[in-house]
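Asks: Dumping the structure here so I can ask a few things about it.
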Amino acid sequence: MTPQALVCTTKIMDIWEDDNSDEMDIDNDLMDDCEEDSFSESEQESNVKQLQKLNLGGDFHVEYAPQRNTSAYGSSRCSEHIKSKEKMGIGDLVKDHALPFLPAKSICRFRSVSKEWNKWITNPFLAHKQSQCFQDISGFFCQIADEHSFISCDPHSCGVPDPSFSFLPEPVILRTTCNGLICCQSCIADNAYYVCNPVNRQWKVLPRPNYYHGPGSAVALAYEPSALKFEANYQLVCAFPLADHPVLYFEIYSSRSKSWRLVDTSCCELGALKLSGDGFYMKGMVYWETLAGLVLTFDLTYEQFGILPLPPEFGPEGVLTKRHGELCYVLPHKKDNEYAIRIYGGFKMVRKHSFRLELDDFGYMSGGLRALSCLNDDVLAILFGNRMITYHVKAQKVKILGTVRSDGFVTCHPYVNSLVPVDHPLVSRQQANSRPCTSSSLWHSIG
Numbered sequence: 001m002t003p004q005a006l007v008c009t010t011k012i013m014d015i016w017e018d019d020n021s022d023e024m025d026i027d028n029d030l031m032d033d034c035e036e037d038s039f040s041e042s043e044q045e046s047n048v049k050q051l052q053k054l055n056l057g058g059d060f061h062v063e064y065a066p067q068r069n070t071s072a073y074g075s076s077r078c079s080e081h082i083k084s085k086e087k088m089g090i091g092d093l094v095k096d097h098a099l100p101f102l103p104a105k106s107i108c109r110f111r112s113v114s115k116e117w118n119k120w121i122t123n124p125f126l127a128h129k130q131s132q133c134f135q136d137i138s139g140f141f142c143q144i145a146d147e148h149s150f151i152s153c154d155p156h157s158c159g160v161p162d163p164s165f166s167f168l169p170e171p172v173i174l175r176t177t178c179n180g181l182i183c184c185q186s187c188i189a190d191n192a193y194y195v196c197n198p199v200n201r202q203w204k205v206l207p208r209p210n211y212y213h214g215p216g217s218a219v220a221l222a223y224e225p226s227a228l229k230f231e232a233n234y235q236l237v238c239a240f241p242l243a244d245h246p247v248l249y250f251e252i253y254s255s256r257s258k259s260w261r262l263v264d265t266s267c268c269e270l271g272a273l274k275l276s277g278d279g280f281y282m283k284g285m286v287y288w289e290t291l292a293g294l295v296l297t298f299d300l301t302y303e304q305f306g307i308l309p310l311p312p313e314f315g316p317e318g319v320l321t322k323r324h325g326e327l328c329y330v331l332p333h334k335k336d337n338e339y340a341i342r343i344y345g346g347f348k349m350v351r352k353h354s355f356r357l358e359l360d361d362f363g364y365m366s367g368g369l370r371a372l373s374c375l376n377d378d379v380l381a382i383l384f385g386n387r388m389i390t391y392h393v394k395a396q397k398v399k400i401l402g403t404v405r406s407d408g409f410v411t412c413h414p415y416v417n418s419l420v421p422v423d424h425p426l427v428s429r430q431q432a433n434s435r436p437c438t439s440s441s442l443w444h445s446i447g
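Per the UniProt record's numbering, the sequence shown starts with residue 1, numbered consecutively.
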């Protein structure tokens with residue numbers, strides 16, 4: 001990026017970012033200069049051209065370029081959607097600084113407030129900011145075979161318009177989620193991977209991997225919202241075995257390079273070769289549970305694997321999740337007619353907490369208890385028979401979120417109700433399968 005383009009981008013970000021931060025405060029000097037007609041026409045044209053060179057997508061370049069509005073008397077004024085602090089009302093403060101902290105469904109409901117609000121809500125700046133400010137788990141995608149449903153933690157504020165993924169071109173199974181993005185895989189023979197966001201129905205089909213990801217393979221989606229990057233840069237990590245080779249290999253897809261590559265590291269630890277399912281991402285690390293009672297870790301920065309223990313009582317009813325910013329293992333426990341939740345943590349996975357559950361009001365439920373990902377530091381999610389419930393640790397209260405089908409094994413994937421956009425100039429399926437994975441041919445995106 002050229003120094004001139006960087007200056008223009010900094011001015012725009014100074015106008016729109018949160019004024020509670022000293023580093024991202026509204027630039028009053030810029031506002032004063034604008035009011036005093038310090039922008040000449042030549043400077044504005046230069047700024048517009050520089051903004052158009054930025055790879056921010058859509059019509060952002062022209063819409064947010066400084067504009068000159070000349071009256072009959074030859075005077076100029078700021079663009080009407082740029083306001084100084086003194087002129088901002090409560091509505092402006094809410095629109096600019098409160099909306100990014102709301103889930104996507106709540107934000108979309110505010111589009112009907114006014115044309116100005118609708119314009120701001122549909123702008124990529126808000127989607128970018130909201131993906132950083134709102135990262136709470138909003139509900140669970142439940143899957144039985146290839147049928148999907150969504151159970152929201154709060155149906156009034158969190159939800160998706162199409163939980164069945166019918167906006168994708170073919171039937172899929174849900175593999176893994178991360179910070180608002182979802183990785184699905186085709187049910188047909190080629191098993192193509194998709195990365196999508198059901199809130200905005202944007203999706204991208206990934207090129208064919210260089211190696212066969214067959215039975216015994218497990219994937220994890222890694223995505224971390226960044227204040228400095230408008231494009232959602234993500235990685236899909238697959239741990240897979242080769243036939244007759246007691247080794248696990250790691251192949252990574254990067255949205256930056258739009259290609260797959262095999263890393264140099266391979267895992268030969270016998271206890272880590274058989275994975276119990278897909279993994280999850282946290283703080284630069286990917287974690288998979290193994291059938292031998294271990295946790296296989298993979299560091300995306302150094303591309304090295306590691307081994308952690310699971311508690312001796314581990315089982316299919318437990319789950320690896322994040323709580324208080326750390327890796328933990330949540331395990332339900334039943335003794336006689338009493339239920340409890342045990343939480344293990346640390347490198348040795350020792351027991352840290354134990355909570356007694358009062359479930360007498362639910363009556364008898366077949367299927368027992370199964371822990372799900374924590375919604376936040378205070379709220380645990382549990383599958384009790386075919387009912388999904390939450391337990392509030394501080395308040396010691398149990399709440400029913402919804403029910404799931406009981407005619408098969410259901411997988412429940414946590415989802416963040418985010419506006420994060422997917423890099424969705426779509427790759428042609430035929431071109432992606434016929435060309436090398438190091439390059440992709442893009443064609444027009446869907447609306």
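Positions of the beta carbon are idealized from the N, C-alpha and C atoms, including for glycine.
1. Please return the same chain residues whose Cβ sits closer than 7 Å to the Cβ of residue 164, not counting the five positions on each side in sequence.
2. So the candidates are 158, 329, 107; which of them puts its Cα closest to the Cα of residue 289?
3. Can you name the start and end residues of the beta strand (DSSP E) that residue 254 belongs to?
4. Please classify residue 190: is it buried, with 16 or more other beta-carbons within 10 angstroms of its beta-carbon, or exposed?
5. Rounding to the nearest angstrom, what Cα-Cα distance links residue 142 and residue 267 in this structure?
6. Given residue 394, which residues of its chain have a CB within under 7 Å of its CB, disregarding the five upstream and five downstream residues?
7. For a cutoff of 7 Å on Cβ pairs, would you count residue 106 as touching chain B?
8. Which whole-angstrom value describes the C-beta separation of residue 175 and residue 219, a residue pair presumed to lie in contact below a C-beta threshold of 8 Å?
9. Look at residue 343 and residue 352 and say whether their C-beta atoms are less than 7 Å apart.
10. For residue 203, which option in 210, 221, 168 has the closest C-alpha, if you only look at C-alpha atoms?
11. Would residue 228 be called buried (16 or more neighbouring beta carbons within 10 Å of its own) or exposed?
12. Shortest alpha-carbon distance to residue 339 belongs to which of 382, 323, 346, 304?
13. Which residue wins for smallest C-alpha separation from residue 253, given the options 245, 236, 276, 321?
14. Is the distance from the Cβ of residue 322 to the Cβ of residue 282 below 7 Å?
15. For the pair the segment 180–200 and the segment 109–126, tell me if three or more CB-CB distances fall below 8 Å.
16. Within a Cβ cutoff of 6 Å, which residues of the same chain sit near residue 144, ignoring the five residues on either side of it in sequence?
17. From the DSSP secondary-structure annotation, give me the bridge partner or partners of residue 267.
18. Helix, strand or coil for residue 347? Go by DSSP, reduced to three states.
19. If the criterion is Cβ atoms closer than 7 Å, does the pair residue 131 and residue 420 meet it?
20. Taking 7 Å as the threshold (C-beta atoms), are residue 205 and residue 222 in contact?
21. Taking the beta strand (DSSP E) that residue 335 falls in, what are its first and last residues?
22. List the whole-angstrom C-beta distance separating residue 371 from residue 293, where the pair is believed to meet the contact cut-off of C-beta under 8 Å.
23. To which residues does DSSP link residue 197 through a beta bridge?
24. Please identify the residue among 291, 166, 418, 269 whose C-alpha is closest to the C-alpha of residue 313.
25. Could you please give the first and the last residue of the uninterrupted beta strand (DSSP E) stretch that includes residue 414?
26. Classify residue 128 as helix, strand or coil using the three-state DSSP reduction.
27. Helix or strand or just coil, what does DSSP make of residue 92?
28. Please report the residue range of the beta strand (DSSP E) in which residue 258 lies.
29. State buried or exposed for residue 247, treating a residue as buried only when at least 16 other CB atoms are found within 10 Å of its CB.
30. When you compare the CB positions of residue 198 and residue 162, do they come within less than 7 Å of one another, or not?
31. Anyone know if the C-beta pair for residue 414 and residue 373 falls short of 7 Å?
32. Cα separation between residue 171 and residue 243?
33. DSSP on residue 108, reduced to helix/strand/coil?
Replies: Let me lay it out:
1. 148
2. Of 158, 329, 107, the residue nearest in Cα terms is 329.
3. According to the DSSP assignment, residue 254 belongs to the beta strand (DSSP E) that extends over 245–254.
4. exposed
5. 31 Å
6. Exclusion of the five residues before and after residue 394 leaves 378 as the residues of its chain whose Cβ lies within less than 7 Å of its Cβ.
7. Protein chain content of the structure displayed is limited to a single chain, and chain B is not contained in it.
8. With a Cβ gap of about 5 Å, residue 175 and residue 219 count as contacting.
9. yes
10. 168
11. exposed
12. 382
13. 236
14. yes
15. no
16. 405, 408, 410
17. 248
18. coil
19. Result yes, Cβ atoms of residue 131 and residue 420 sit closer than 7 Å.
20. no
21. Here the beta strand (DSSP E) through residue 335 covers 326–335.
22. Not a contact, Cβ separation roughly 16 Å.
23. 202
24. 291
25. 411–416
26. helix
27. The answer is helix: DSSP assigns residue 92 an H, G or I state.
28. Under the DSSP assignment, residue 258 falls outside any beta strand (DSSP E); it carries neither an H nor an E label.
29. exposed
30. yes
31. It is a contact, given that the beta carbons lie within the stated cut-off.
32. In a straight line, the C-alpha of residue 171 is about 28 Å away from that of residue 243.
33. helix
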